[in-house]
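These protein sequences, in sequence, are chains A and B. Going by my numbering, 91 is the number at position 89 of the first sequence; the sequence numbering is gapless. Going by my numbering, 211 is the number at position 209 of the second sequence; the sequence numbering is gapless. Notes for the one structure printed next.
Number of protein chains: 2
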Amino acid sequence: MWIAELSRQTDVPVATIKYYLREGLLPAGEAVGATRARYDESHVRRLRLIRALVEAGGLTLARVRDVLSAVDEESRELHDVLGAAHGALRPDKLEATDESLARVNELLADHGWRVDEDSLDRVLLASALDALDRVGHPLDPLLLDSYLMAAEQVGDADVAHLPTGTRAETVEATVVITALGAPVLLALRRLAQQNASAHRYNAVRTRPCL
Amino acid sequence: MWIAELSRQTDVPVATIKYYLREGLLPAGEAVGATRARYDESHVRRLRLIRALVEAGGLTLARVRDVLSAVDEESRELHDVLGAAHGALRPDKLEATDESLARVNELLADHGWRVDEDSLDRVLLASALDALDRVGHPLDPLLLDSYLMAAEQVGDADVAHLPTGTRAETVEATVVITALGAPVLLALRRLAQQNASAHRYNAVRTRPCL
DNA sequence: AATATTGGAAAGTGATACTCTCCAAAAGTC
DNA sequence: GACTTTTGGAGAGTATCACTTTCCAATATT
Numbered sequence: 003m004w005i006a007e008l009s010r011q012t013d014v015p016v017a018t019i020k021y022y023l024r025e026g027l028l029p030a031g032e033a034v035g036a037t038r039a040r041y042d043e044s045h046v047r048r049l050r051l052i053r054a055l056v057e058a059g060g061l062t063l064a065r066v067r068d069v070l071s072a073v074d075e076e077s078r079e080l081h082d083v084l085g086a087a088h089g090a091l092r093p094d095k096l097e098a099t100d101e102s103l104a105r106v107n108e109l110l111a112d113h114g115w116r117v118d119e120d121s122l123d124r125v126l127l128a129s130a131l132d133a134l135d136r137v138g139h140p141l142d143p144l145l146l147d148s149y150l151m152a153a154e155q156v157g158d159a160d161v162a163h164l165p166t167g168t169r170a171e172t173v174e175a176t177v178v179i180t181a182l183g184a185p186v187l188l189a190l191r192r193l194a195q196q197n198a199s200a201h202r203y204n205a206v207r208t209r210p211c212l
Numbered sequence: 003m004w005i006a007e008l009s010r011q012t013d014v015p016v017a018t019i020k021y022y023l024r025e026g027l028l029p030a031g032e033a034v035g036a037t038r039a040r041y042d043e044s045h046v047r048r049l050r051l052i053r054a055l056v057e058a059g060g061l062t063l064a065r066v067r068d069v070l071s072a073v074d075e076e077s078r079e080l081h082d083v084l085g086a087a088h089g090a091l092r093p094d095k096l097e098a099t100d101e102s103l104a105r106v107n108e109l110l111a112d113h114g115w116r117v118d119e120d121s122l123d124r125v126l127l128a129s130a131l132d133a134l135d136r137v138g139h140p141l142d143p144l145l146l147d148s149y150l151m152a153a154e155q156v157g158d159a160d161v162a163h164l165p166t167g168t169r170a171e172t173v174e175a176t177v178v179i180t181a182l183g184a185p186v187l188l189a190l191r192r193l194a195q196q197n198a199s200a201h202r203y204n205a206v207r208t209r210p211c212l
């Protein structure tokens, strides 16, 4: 198919497709003469993946590029792809106090979690705890424990549900579920909060949202 | 204190404070003469809250403004403040298919959740499910159930841990825990995924992250 | 008197993610 | 074979966001 058909099938403007090609997010089509290139199903899939990561997952294009390069690197172990996917889902500017870092390390050790000693997620978690401290609302240890147990259920379920097909399938599923599971979980949490709040205050919201 | 002292205590540049004042994120100080204004502890707190929401919570300034106006609106019921806080944590561009909306409504009804009939979080959840469908990785109903149960634990714990002090305290705590709990939960989920993956593949990541 | 600081406003900056305009080569149409 | 349309490619332009810089004249401080 030509670029116009690719645009039609994915609802992405031709100009945007050209931009993604320039930016190296989408592999070039098969060149046919000097002013023509042919695209196929793989481009449709890739384009849909890009849009989903950007629109639903909220990733920047730079992050999407990181994710895609991990997906495309055939040599990567599956466990390592998870790490690469995670790398793309974190903010890059990270710093945490030694205290909160120690708290995180102790927490993970207590629960016997096997996590890379210098995983950046430890720092990210610690920096989020620091932010809560700074605004004068430190996270209650009991609440943190609830979060941890809930996260354990989710993480176990995530990994258990990864498909066992070809490498390409598993890798893409890993990336997709990690990136797009986040908005699902956050929306469910808010709905659960509304439910819990309704029971506690015995009220139902009547006003429209902001 | 003058603006320079406010800047010193919060590590926010004077120019940025002036910008927040112009944008209405920070209330004006008490004017003392034509070229001088006095600020106090409330400005320090507010400024720290803004930075935490922006840096750790990832909110845009427009969202922060929404949150703050809900916090400041004395008339709001507590249950309603939760709704206002939620409104500020969602993307604003939302659309979902009728199928996924029906799936969400059925799910919530099955579990007896008391959620506002036209809560935008229903639509957000549905649109995230749509995105997963579109990339060819529809969310397994069993996995969605795991997510829902985990979210229920978290939502219940969140609401149970809200402080019962003055209105202002409770409102701020609600906003803070809702906004800053998200990065905590997502970091924990990734750590849990690493743990589960380490057990499944019996591997420990050796390569540094991207 | 000299220097520094303030509030306020306007203009400038850098990043992000497109979107538009232009081009000449090629393909399709009559 | 003339005419219209489409293509790939590149560059410039646009909109938004979150500042940051520059300027000002009016005070404060030394």
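For each residue, glycine too, the CB sits at the ideal point set by N, CA and C.
Contacts between B/E154 and chain A, judged by CB atoms closer than 7 Å, involve A194 in chain order. Taking the beta carbon of B/N197 as reference, the chain A residues within 7 Å of it are W115, R116, V117, G157, listed in sequence order.
Burial is judged here by how many other beta carbons sit within 10 angstroms of a residue's own beta carbon; A/V16 has fewer than 16 and is exposed. B/R50 and A/R136 do touch by the CB rule: their CB atoms are close to 6 Å apart, below 8 Å. Distance from A/T99 to A/V46 at the Cβ level is roughly 47 Å; contact not present, criterion being Cβ atoms closer than 8 Å. Of all alpha-carbon atoms in B/I5, B/P185, B/D123, the one lying nearest the alpha-carbon of B/Y21 is that of B/I5. A/V83 and B/A184 have their C-alpha atoms roughly 23 Å apart. In the DSSP assignment, B/K20 falls within the alpha helix (DSSP H) that extends over 16-24. Between the alpha carbons of A/Q195 and A/G31 lies a gap of roughly 47 Å. DSSP places B/A64 in the uninterrupted alpha helix (DSSP H) bounded by 63-74.
For B/I179, the nearest beta carbon of chain A is closer than 9 Å to its own beta carbon. In this structure, DSSP gives A/A39 an extended state, which the three-state scheme calls strand. In this structure, B/L127 and A/V186 form a Cβ contact; the two beta carbons are roughly 6 Å apart against a cut-off of 8 Å. 9 Å or more divides the Cβ of A/V106 from the Cβ of A/A86.
Residue pairing for A/E32: DSSP places it in a beta bridge opposite A/R40. Note that the C-beta distance between A/R116 and A/L103 is not below 9 Å.
The DSSP-derived three-state label of B/R116 is coil. Interface criterion not met: the Cβ of A/Y41 is under 9 Å from no Cβ in chain B. Under a 10 Å Cβ-count criterion, B/S44 is classified as exposed, with fewer than 16 other Cβ atoms of the shown protein chains found around its own Cβ. Chain-order list of chain A residues neighbouring B/L110: L193, by C-beta distance under 8 Å.
Rounded to the nearest whole angstrom, the C-alpha separation of B/G26 and A/T18 is 36 Å.
Against chain B, a Cβ distance below 8 Å from A/Y22 picks out nothing, because the smallest value is about 16 Å. Non-local C-beta neighbours of B/L28 in its own chain, meaning closer than 8 Å and more than five positions away in sequence, comprise I19, Y22, H45, R48, L49, I52, ordered along the chain. For A/H81, the enclosing alpha helix (DSSP H) starts and ends at 80-90. One Cα belongs to A/S148, the other to A/H201, and the distance between them is close to 19 Å. Not a single C-beta of chain A is nearer than 9 Å to the C-beta of B/V73. For B/D100, no Cβ of chain A is located within less than 9 Å of the residue's own Cβ. In the DSSP annotation of this structure, the continuous segment of the alpha helix (DSSP H) that includes B/L131 starts and ends at 122-136. Burial state of A/G89 is buried, judged by a 10 Å Cβ sphere holding 16 or more other Cβ atoms.
If you look at B/P165, you'll find it isn't in any alpha helix (DSSP H); DSSP assigns it neither H nor E. Only buried fits A/D132, as 16 or more other CB atoms lie within 10 angstroms of its CB.
B/H163 belongs to the set of residues whose beta carbon lies under 9 Å from a beta carbon in chain A. Assigned with DSSP and collapsed to three states, A/D94 falls in coil, not helix or strand.
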